[in-house]
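To get my numbering, take the position in the sequence shown, counting from 1, and add 721. The C-beta atom is built at its ideal place from N, Cα and C for all residues, glycine as well.
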Amino acid sequence: MTKKVFSLALGALLFALCVSVQAQQPKKVSRIGLLASGQGLGSAGDAFRQRLRELGWVEAQNITIESRFAGGKNLDRLPQLAAELARLKVAVIVADGDPAIYAAKQATSAIPIVVVAVGDPVREGLVASLARPGGNITGLTSISTELSGKRLELLKEAVPKVSRVAVLWNPANASNVIEFKEAEVAARALGLKLQSLEVRGPDDFQGAFAGAARDRANALIVVRDPLVDSHHFRILDFAIDKRLPSIHGEEQFVEAGGLMSYGPSRVELFRRAATYVDKILKGAKPADLPVEQPTKFDLVINLKNAKQIGLTIPPNVLARADKVIK
């Protein structure tokens, strides 16, 4: 009996020691890299962190987030910033927009990369297919290249007399190239003339604006690109000054003073990106995670801008808006 009691006591002691050792061992902390062209992610970044918390990933507890932002005007820094994340051996890199995505792709072929808001990852050669990406890249497409025609259509409905549309875009951006080509096809079908306003650097904007004024464009499409985004106030000031109706790919530019936007929500895209990160941290391979396409698109209209440029939005267009800024 004494021997049995001794064995039980010894077992209890060993169990307590094991529990104590496990309690003293530090929890594994996974590093997540964030790479973007702008100065930050704003509400999209907040949504990303919130979704991670909902999935059980909390900063300073089991994850750290290493953010690297190029500041909008310093895109040449992106390869260096991506290389920094690779040297840190982060568990996954979340890359926002084409320049950041290509920088991350160049920096590593081993670390999983979750892309956000890429136009057409298959045509751009980032993945083998949407269903089976292959390699180390997966994530979310904004299908912006497929929305060019819809934006032109909405612009024509909102401004029935429009005939010549200026398109502000960056030919150095692969998604922009595809989007402009799609816009050309849509313009022919709608009976519209397109004017190409190409910008490759900050010094190109003034010439682009002068060209639009000279050729009497009567509407403006702004194609999303980090360079273009970083000069959005200049673009909006020009559009208002020349009384040009403008359509954008994201709501934030309408909130800043543009007329209309049509596209997926960046907040929702980043919430979904957090889900990809969760799966990868739990052992999933990016090669096996299908690239997602957005299913909901929002039409946002700014009536304050419409009033500024002397435009009345037709009631049938207003009725379809998901959000109206008054």
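Query                                                                                                                                                                                          : Result
Are there 16 or more other CB atoms within 10 angstroms of the CB of Asp946, so buried, or fewer, so exposed?                                                                                  : buried
Could you check where the beta strand (DSSP E) with Leu806 kicks off and where it finishes?                                                                                                    : Not the beta strand (DSSP E): Leu806 falls in the alpha helix (DSSP H), residues Leu799 to Arg808.
So Leu756 and Arg789 are in contact, right, with Cβ under 8 Å, and what is the actual spacing, rounded?                                                                                        : 5 Å
Given that a residue counts as buried once 16 or more other Cβ atoms are within 10 Å of its Cβ, and exposed if not, what is Pro833?                                                            : buried
What would DSSP say about Ala824, mapped onto helix, strand or coil?                                                                                                                           : helix
Since Gly870 sits in a beta bridge, which residues does DSSP pair it with?                                                                                                                     : DSSP, once it has assigned bridges, lists no residue as partnering Gly870.
Return the first residue and the last residue of the alpha helix (DSSP H) that Asn1026 is part of.                                                                                             : Leu1024 to Gln1029
Would you mind reading off the limits of the alpha helix (DSSP H) that contains Ser951?                                                                                                        : Pro947 to Ser951
Quick one: which unbroken alpha helix (DSSP H) runs of 4-plus residues sit fully inside the region 959–989? Chain order, please.                                                               : 972–976
When the Cα of Ala824 is compared with those of Val998, Ala838 and Leu802, which residue comes out closest?                                                                                    : Leu802
Tell me which same chain residues have a C-beta within less than 6 Å of the C-beta of Ser863, skipping the five on either side of it?                                                          : Ala838 and Pro985
Rounded C-beta distance between Val1021 and Glu972? I'm assuming under 8 Å.                                                                                                                    : 5 Å
Using the rule of at least 16 other Cβ atoms within 10 Å of the residue's Cβ for burial, across every protein chain shown, is Gln916 buried or exposed?                                        : buried
Please classify Glu845: does DSSP put it in a helix, a strand, or coil?                                                                                                                        : coil
Is Gly870 closer than 7 Å to Ala907 when the C-beta atoms are compared?                                                                                                                        : yes
Report back the beta-carbon spacing between Val848 and Thr859 to the nearest angstrom; my notes put them in contact at under 8 Å.                                                              : 7 Å
Going by Cα to Cα distance, which pick from Lys1025, Phe974, Val835 and His952 is closest to Tyr997?                                                                                           : Val835
Can you check which of these residues, Leu1010, Leu889, Leu876 and Glu1013, is closest to Ile956 by C-alpha distance?                                                                          : Leu889
For Lys914, name the three-state secondary structure that DSSP assigns.                                                                                                                        : strand
If you measure from the beta carbon of Ile1030 to each beta carbon in chain C, is any gap under 7 Å?                                                                                           : The structure shown contains no chain C; it is built from a single protein chain.
Could you check the C-alpha separation between Lys1047 and Leu1024 for me, to the nearest Å?                                                                                                   : 5 Å
Classify Ile1034: buried if its beta carbon has 16 or more other beta carbons within 10 angstroms, exposed otherwise.                                                                          : buried
Using only the alpha-carbon positions, how far apart do Ser741 and Gln782 sit?                                                                                                                 : Model confidence at Ser741 stands at a pLDDT of 49, short of 50, so the residue's coordinates are unreliable and nothing is read from them.
Between Pro1015, Ala879 and Ser865, which lies nearest to Asn894 when the distance is taken from Cα to Cα?                                                                                     : Ser865
Using a 10 Å radius around the Cβ and a threshold of 16 neighbouring Cβ atoms, would you call Pro854 buried or exposed?                                                                        : buried
Using 7 Å as the threshold, is the C-beta distance between Val886 and Leu913 below it?                                                                                                         : yes
Could you tell me how far apart the beta carbons of His969 and Val988 are, in whole angstroms, since I believe they sit closer than 8 Å?                                                       : That belief does not hold up - the Cβ atoms of His969 and Val988 are roughly 16 Å apart, past 8 Å.
Starting from the C-beta of Ala744, find all residues in its chain whose C-beta is less than 8 Å away, skip the five residues before and the five after it, and write them out in chain order. : Because Ala744 sits at a pLDDT of 46, beneath the cut-off of 50, its placement in the model cannot be relied upon, and the point is left open.
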